[in-house]
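Taking it in order: structure first as structure tokens, then the write-up.
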Amino acid sequence: MDDTAVKSSALMRHGQILVRQKKYTNAVKFLERSNALKPRDSLEKYLEQVRRLADLTQS
């Protein structure tokens, strides 16, 4: 696994932990950084769902 993949994976996992803690806005930041390093369709779909949750909880 190269350095970029490791960083992307770590950022994604951190984002997932924040989602479990219902810290959606912070999670979006980590998930976006992960997706920027290593774009994946599955992560993009997950990110869209987390963005919606972040929007709902800010309203």
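Using our numbering, the first residue of the sequence shown is number 51, and each one after it goes up by one.
By construction, the Cβ of each residue, glycine as well, lies at the ideal position given by its N, Cα and C atoms.
No experiment lies behind these values; they were computed from the predicted model shown.
For this session: Return the CA-CA distance between F80 and S92, expressed in angstroms with no decimal places.
Result: For the purposes of this step, residue 80 is taken as residue 30 along the sequence shown, with counting starting at 1. For the purposes of this step, residue 92 is taken as residue 42 along the sequence shown, with counting starting at 1. Distance between the alpha carbons of F80 and S92 is about 15 Å.
Exercise. How is R90 classed by DSSP in three states: helix, strand or coil?
Worked result: As a first step, residue 90 must be located in the sequence shown, where it is residue number 40. In this structure, R90 counts as coil in the three-state DSSP scheme.
Exercise. By how many angstroms is the C-alpha of H64 removed from the C-alpha of K88?
Worked result: Here residue 88 is taken as the residue at index 38 of the sequence shown, counted from 1. Here residue 64 is taken as the residue at index 14 of the sequence shown, counted from 1. Taking the Cα positions, K88 is about 15 Å away from H64.
Exercise. Between which two residues does the alpha helix (DSSP H) carrying M62 extend?
Worked result: Within the sequence shown, numbered from 1, the residue matching residue 62 stands at position 12. Segment D53 to R70, the alpha helix (DSSP H) holding M62.
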